[in-house]
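Residue numbers (full-length UniProt numbering): 1 to 105.
Right, one structure below, let's go through it.
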C-alpha cells in the first residue's frame, strides 16, 4: 500500500494555566491513520525526552516526521487527537506535502 501524508492534530493544555489550550500539529507519511497516530506520538515523545534532557529538538526523521515547537509544561491529550489525510498537488511533489484541504470543522 502506498503511503499517504497525514496530519495529526493533538489538543494541548498548559499544565500551569489550564485555561491556556491549543493544538499541536504533526505531519508525515504512513500506511494507515493508526500508523500515523502511532508515529506522531513516537516522534513527539522522542522530541519531548530530548527537550527534558536539555538537548535541542531533533530535526525531521528520515521518514519525514518531526516535532518542532514543543512547549515545556504543556500536556498532550492523545486520546482526543484526530488524524486526516492530506491531498497532494503534483507541483509540490519535490517539496513535500501540499497544504491540507480545508473542510468543515
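Glycine is no exception: its CB is placed at the ideal position from the N, C-alpha and C atoms.
TODO: Note down, in chain order, each residue of its chain lying with its Cβ closer than 8 Å to the Cβ of residue 25, except the 5 sequence neighbours on either side.
DONE: 7, 8, 9, 10
- [ ] Starting from residue 7, follow the beta strand (DSSP E) in both directions and report where the run begins and ends.
- [x] 4-14
Task: Rounded Cβ spacing between residue 74 and residue 15 (contact assumed at less than 8 Å) - done: 7 Å
Open item on the list: What does the Cβ neighbour count give for residue 37, buried or exposed, with the cut at 16 atoms within 10 Å?
Closed with: buried
Open item on the list: Buried or exposed, going by whether 16 or more other CB atoms sit within 10 Å of the CB of residue 21?
Closed with: exposed
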